[in-house]
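In terms of the UniProt record's numbering, the sequence shown has 52 at position 52, counting the first letter as 1, and numbering is strictly consecutive.
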Amino acid sequence: QSRSEALDLPDDFKFSDNSIHIHVPEGAVPKEGPSAGITIATAMISALTGKEVRSDIAMTGEITLRGRVLPIGGLKEKVLAAHRNNIGNVIIPEENDKDLSEIPEEILGGLHFHKVEDMAQVLDLAFRKSNASGQVSSN
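Laid out in structure tokens, this is it:
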């Protein structure tokens, strides 16, 4: 709410008039960790603004109440999943940079990593378009 102006929400949108409900399917399946925080926040902002999130990007990271992106566990598994699904761009917390050494070189070579420290950086990357060569360009 404190950043609603920067998010370019519709002029008539009021948080006090809207309820946001988040449903995580398969509630019986145990889940650990906050690593989907930036993904959930990006999806919510996309729904509120109507801005489309790039389809060639994966992301992981915990988010604080002030928008700081914190490191997560299991980076290798998440990067391998992005690679398996032919997703060429991966947003990761800056503090997870050291964990990239655990990932095989042949996997790393096919991916572009965007290391972020705050949610503003995530949104800047998530709402950009990529051209035919896969390079990121502004909207």
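Ideal Cβ positions, reconstructed from N, Cα and C, are used throughout, including at glycine.
Note that the structure is a prediction, hence the values are computed from the model and not measured.
query                                                                                                                   : result
Spatial neighbours of G110 in its chain, beta-carbon cut-off 8 angstroms, leaving aside the 5 residues before and after : H83, G88
Other residues of its chain near A58: CB distance less than 6 angstroms, five sequence neighbours each side excluded    : A82, I87, V90
A58, enclosing alpha helix (DSSP H) - first and last residue                                                            : Unbroken run through A58 is the beta strand (DSSP E), 57-59; no alpha helix (DSSP H).
Proximity of M119 and I63 at Cβ, strictly below 7 angstroms                                                             : yes
N96, buried or exposed, once every other Cβ within 10 Å from all chains shown has been counted against 16               : buried
Three-state secondary structure (DSSP) of N96                                                                           : helix
Candidates P34, S16, R66, S101, of which the one nearest V79 by Cα                                                      : S101
Cα-Cα separation between A47 and E105, rounded to whole angstroms                                                       : 36 angstroms
Three-state secondary structure assigned by DSSP to D52                                                                 : Going by the sequence as given, residue 52 is Glu instead of Asp. Note: E52 maps to coil in three-state DSSP.
Bounding residues of the alpha helix (DSSP H) (the contiguous stretch that carries H112)                                : From DSSP, H112 is part of no alpha helix (DSSP H) but of the beta strand (DSSP E) over 112-116.
Same chain only: Cβ atoms within 8 angstroms of D124, ignoring 5 sequence neighbours per side                           : none
Within 7 angstroms, strictly: CB atoms of I45 and L7                                                                    : yes
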